[in-house]
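Numbering-wise, the sequence shown is residues 22 to 297 according to my numbering.
By construction, the Cβ of each residue, glycine as well, lies at the ideal position given by its N, Cα and C atoms.
Fair warning: this is a prediction, and the values are worked out from it, not measured in the lab.
To start, the structure itself, in structure tokens.
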Amino acid sequence: MTFSIVARSADGLSYGVAVASKFLAVGAAVPAAEAGVGALATQAYANLAYRPQGLVLLRTGVGAADVVAGLTAADPGRAQRQLGVVDRTGAGATYTGAECHDWAGGLAGDGYAIQGNILTGPEVVEAMRDAWLAVAADLSFPRRLLAALAAGDRAGGDRRGRQSAALLVVRPAGGYGGTSDIEVDLRVDDDSDPVVTIERLMGVHELLFTKADPATMLELSGDLAAEVRDRLARLGHTADTLDAALASWAGVENLEERLVPGRIDPLVLEALRRAP
């Protein structure tokens, strides 16, 4: 009923899961990840206990293949389970029980585990693998996970249809304001085209919660400073300094993560120019 990718980033700091299914709120059931530890996906007739149990094993240094072996050996329902794991070293392992509904199977390699069940065929996991391995220099780790998920969706995905998708990514201090390890946690619970929708939500996430690129920042001086000050004043944001006025508006618009004193991110400027 589901197809997913579990992976580690090339720099070894991020772990994540991207998943889609003809199942309500798949993100509430399938993915689990912990920074510095690893990630896993439990699916088919999912055993949700695999998530905390698997993370405990990964935390103690058990490798991906042994996590799979340990979890399934202790589970009398293993014939109906499907599981993907990536450990802290980047090793990937996948498991498909003999009683999972066709088509079901998976692929694993260095840094990834891909699996799916009730799929249109093996072309789904093959397309996901190919997309994952076709590394694009301009793709972030979350975007790379979504590219693999979208490739599986285009290849046929869940043969029953579409309903939900999720993306979970962890990285040390990668969360909002650096105060958590959850870098991305997006869910589309009930939607006619959930993979497309979660890609759109990722774009909103990038705008609001990723840091500005220092190479693209614009100096707040001269005509640009005058324009920004005027636009902020018309929106009701005035202060002793331009930085303070910009921070007042950006806080309302949830753009505070992109602020740098004395400069402005082009994406922030674009959002300000679009403001009514």
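| Item | Value |
| --- | --- |
| Going by other Cβ atoms of all chains shown within 10 Å of its Cβ, with 16 needed for buried, is ARG72 buried or exposed? | buried |
| Go through its chain and collect everything with a Cβ distance to ARG175's Cβ below 8 angstroms, but skip five positions before and after it. | ALA148 |
| GLY198: buried (16+ other C-beta within 10 angstroms of its C-beta) or exposed? | exposed |
| How would you label ARG183, buried or exposed, when you count the other beta carbons within 10 angstroms and need 16 or more for buried? | buried |
| Can you give, in chain order, each stretch of the alpha helix (DSSP H) that sits fully within the region 219–282 and has at least 4 residues? | 243–255 and 263–273 |
| Within 10 angstroms of the Cβ of ASN21, are there 16 or more other Cβ atoms? Answer buried if so, exposed if not. | Any property of residue 21 remains undetermined from this structure, which presents the chain solely from 22 to 297. |
| If contact is defined by three or more beta carbon pairs under 8 angstroms, each pair taking one atom from either stretch, is the region 244–259 in contact with the region 207–216? | no |
| For ARG109 and PHE162, what's the separation of their Cα atoms in angstroms? | 16 angstroms |
| On the criterion of 16 or more Cβ atoms from any shown chain inside 10 Å, does ARG295 qualify as buried, or is it exposed? | exposed |
| Bridge partners of ARG208, per DSSP? | ALA187 |
| Alpha carbon to alpha carbon, what distance is there between GLY113 and ARG150? | 12 angstroms |
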